[in-house]
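Shown next, in structure tokens, is the structure this report addresses.
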Amino acid sequence: MKLFYRKTGEGQPILILHGVFGSSDNWFTISKMIADKGFAVYALDARNHGQSPRSEEFSYELMAEDLNEFIDEHQLDKPIIIGHSMGGKTVMHFAMKHEGKFSKLIIVDIAPKYYPSHHGHIIQGLNSIDLDKLTNRKEAELQLDRYVTSVGERQFLLKNLYRNDLGKFDWRINLPVLSKEIYQIGGDFTDTREISEPVLFLRGSESGYIYDEDVTAIKKIFPNATVETIEGAGHWIQAEKPNEFVEAVVGFIG
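Each residue of the sequence shown is one higher than the one before, starting from 176 at the first, in the numbering used here.
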């Protein structure tokens, strides 16, 4: 699958993979900040997200192969790859299947473990919005407020709402497929190999995605891993603490 992407800057290639319900658009500011340090940053839209193609098929194995196809198509030599949440798991699946095709990995606030499904309220909220009757974005936000109480989270989700060529509201995400396959987002790793390349795991001090006890499991698969905590950040480290995030990324890249 040919993924939509946004390229910023020139230099050593860095790929960025967003989380579930996100897109490359969410990474515009961060991409520019990193590119300004002398890198070519490719922010990708995952399948069924953003402006990438839609598919009835959705899994980490497929998203990892989409990433591999992108690297081959653009003839990128051992890029650095950043993945947040769902994107981080995609990157880990890719690394386990495609030895020698990357130089370093940066995994943002996700560990190589199973997470119970916790997106049900989001799926319910998004599906509750009747796009045919929607006349403005405020109506959508009021409807979503019944399911998603966080203002920031609602704004993040509603970035997927846009007007199509007919002037009607539509979703950038493939909501029917994500609704059906959302259980896969928390999936565990069943076929692992040791990854010897340098890996940085970034976690937010206020997030509950990577605990101290997870470090042992991380080191088992990624023996050359470093786990760094960004103080005051939750799960969306790059949005909440952009300067600290970029500083950690650039410092690790060296």
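C-beta: ideal position from N, C-alpha, C; glycine also. Since the structure is predicted, the reported quantities are computational estimates derived from the model, not experimental observations.
State the beta-bridge partners of residue i as determined by DSSP.
| i | result |
| --- | --- |
| residue 266 | Beta-bridge pairing links residue 266 to no other residue. |
| residue 280 | 256, 374 |
| residue 336 | 346 |
| residue 190 | 217, 256 |
| residue 180 | 219 |
| residue 383 | Answer is none; residue 383 lacks a bridge partner. |
Does the distance from the CB of residue i to the CB of residue j come in under 8 Å?
| i | j | result |
| --- | --- | --- |
| residue 205 | residue 421 | yes |
| residue 266 | residue 251 | no |
| residue 284 | residue 412 | yes |
| residue 366 | residue 271 | yes |
| residue 224 | residue 197 | yes |
| residue 405 | residue 419 | yes |
| residue 318 | residue 255 | no |
| residue 194 | residue 262 | yes |
| residue 289 | residue 361 | yes |
| residue 277 | residue 239 | no |
| residue 201 | residue 334 | yes |
| residue 374 | residue 399 | yes |
| residue 501 | residue 207 | Within the shown structure, residues of the chain are numbered from 176 to 429, placing residue 501 beyond reach of any answer. |
| residue 312 | residue 336 | yes |
| residue 369 | residue 393 | no |
| residue 323 | residue 309 | no |
Locate the beta strand (DSSP E) running through residue i, then write down its first and last residues.
| i | result |
| --- | --- |
| residue 231 | Careful: residue 231 lies outside any beta strand (DSSP E) and carries neither H nor E. |
| residue 218 | 214-219 |
| residue 403 | 400-405 |
Rounded to the nearest angstrom, how far is the Cβ of residue i from that of residue j, given a contact under 8 Å?
| i | j | result |
| --- | --- | --- |
| residue 241 | residue 176 | 5 Å |
| residue 219 | residue 190 | 6 Å |
| residue 199 | residue 222 | Residue 199 to residue 222, Cβ: 13 Å. No contact. |
| residue 359 | residue 233 | 7 Å |
| residue 227 | residue 301 | 18 Å between Cβ atoms; not a contact. |
| residue 408 | residue 379 | 3 Å |
Which two residues bound the contiguous alpha helix (DSSP H) that contains residue i?
| i | result |
| --- | --- |
| residue 396 | 389-396 |
| residue 312 | 312-319 |
| residue 299 | 295-303 |
| residue 426 | 417-428 |
| residue 209 | 203-210 |
Contact the region 378-392 vs the region 292-308: 3+ CB pairs below 8 Å: no
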